[in-house]
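S.K.: Got a structure for you, questions after.
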């Protein structure tokens, strides 16, 4: 994907033609146009392609459209990372949009960094907010200039969704999300955790994304996702147990790993876990969690 821009804004979209215009309008309104918009159409059956083509013909911003068979959010991220060739990239979901000054804030902040800093960090982390302007969770402390995601969440206890802007050459260094047959979900945080082991990210106390949790979005349907995609979640638990620096994170993921393994009837789960003793000890709570998840999904059918 050839582009002379500095930033790729990529948007995975699956049958979201009804709301995608909001993201488009926010990008047209950006005060800095040094970006391209990469739309990954993840197997839509609505009029997404026709709609996007009409925007391309308007020539208000640089738009690149890519269609693929449905793979799920993580599969769309794989494709975006493969196609992006700009210095930076950021994902803006199809039901979200950017404040008018978001691109300007990203690039002004990034360009102000010395080259020796740019070469040693993975990118930038900024804020998400609701439509009323309220920041989701906490802002970063003023003295926190850079950190890892794990430290941000587990040491500084900064809560709420945040917006990640990664260096494209960094994300390309790590394995793609796995694609499991008949499943369409792998938690995106597995990649972020692997990057965390090697790079810190710069903290930017600016709102980069306005978030709206749609009724058909993955955030609102996590319990269903959990039960429908056990292989994707089992993979994520293995990664989290392997790479996390925090015992409470490894403990939580061991419990969930047991739950997913029971659902999958995976009798070899103890051989695959990177934390064998911890996983063995978490079998009883893992069984209880599986029972809870199974019951909740059955009564909701």
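Numbering (the numbering used here), first residue to last: 20 to 320. Even for Gly, the Cβ is constructed at its ideal location relative to N, Cα and C. Note that this is a predicted model, so its numbers are computed, not measured.
#1: Suppose the cutoff is 7 Å on Cβ atoms and the five residues either side in sequence are ignored; what does the same chain contact list for residue 41 look like?
#2: So for residue 16, helix, strand or coil by DSSP?
#3: Count Cβ pairs between the segment 255-274 and the segment 302-309 that sit closer than 8 Å; are there 3 or more?
#4: On the DSSP bridge list, what partners appear for residue 27?
#5: Using the C-alpha atoms, what's the distance from residue 122 back to residue 230?
#6: Tell me whether residue 86 is buried or exposed, calling it buried when 16 or more other Cβ atoms sit within 10 Å of its Cβ.
#7: Considering residue 185, what are the terminal residues of the beta strand (DSSP E) in which it resides?
#8: Based on the DSSP secondary-structure assignment, which residues constitute the bridge partners of residue 154?
#9: Would the beta-carbon of residue 70 fall within 7 Å of that of residue 36?
#10: Under the three-state reduction of DSSP, which class applies to residue 136: helix, strand or coil?
#11: So, with DSSP's three-state summary, where would you put residue 143?
#12: Relative to the C-alpha of residue 105, which residue among 220, 149 and 27 is closest?
#13: Would you say the segment 48-60 touches the segment 72-89, given that touching needs at least three Cβ pairs under 8 Å?
#14: Once the 5 residues before and after residue 343 are set aside, which same chain residues still bring their CB inside 7 Å of it?
#15: Please classify residue 97 as buried or exposed, where buried requires at least 16 neighbouring CB atoms within 10 angstroms.
#16: Could you name each continuous beta strand (DSSP E) segment of 3 residues or more that falls completely within the segment 198-264, going from the start of the chain to the end?
#17: Would you report the Cα separation of residue 127 and residue 308, rounded to the nearest angstrom?
#18: Determine the contact status of residue 169 and residue 215, defining contact as a CB-CB distance below 7 Å.
#19: Measure the C-alpha to C-alpha separation of residue 33 and residue 88 and round it to an integer number of angstroms.
#20: Would you mind working out which of 25, 23, 204 and 101 sits nearest residue 59, comparing C-alpha positions?
M.R.: With the given structure in hand:
#1: Counting only Cβ-Cβ distances below 7 Å, and skipping sequence neighbours, we find 116.
#2: Absent from the model: residue 16. The displayed extent of the chain is 20 to 320, so no value can be given.
#3: Three or more pairs of CB atoms, one per stretch, sit closer than 8 Å, so the segment 255-274 contacts the segment 302-309.
#4: For residue 27, which the question treats as bridged, DSSP gives the partners 55 and 108.
#5: When rounded, the distance between both Cα atoms is 16 Å.
#6: Counting every other CB atom within 10 Å of its CB across the protein chains shown gives residue 86 a total below 16, marking it as exposed.
#7: First-last of the beta strand (DSSP E) with residue 185: 181-186.
#8: According to DSSP, which records beta bridges pairwise, residue 154 is partnered with 148.
#9: Yes; because the gap between Cβ atoms is below 7 Å, this pair is in contact.
#10: Helix, per DSSP.
#11: It is a strand residue.
#12: Among 220, 149 and 27, the Cα nearest to that of residue 105 belongs to 27.
#13: Contact between the segment 48-60 and the segment 72-89 is present, with at least three C-beta pairs closer than 8 Å.
#14: With the chain covering only 20 through 320, there is no way to say anything about residue 343.
#15: Buried, since its Cβ has 16 or more Cβ neighbours within 10 Å.
#16: The segment 198-264 contains these whole beta strand (DSSP E) runs: 219-229.
#17: Cα-Cα distance, rounded: 46 Å.
#18: The Cβ-Cβ distance between residue 169 and residue 215 falls below 7 Å.
#19: When rounded, the distance between both Cα atoms is 10 Å.
#20: For residue 59, the nearest C-alpha among the options comes from 101.
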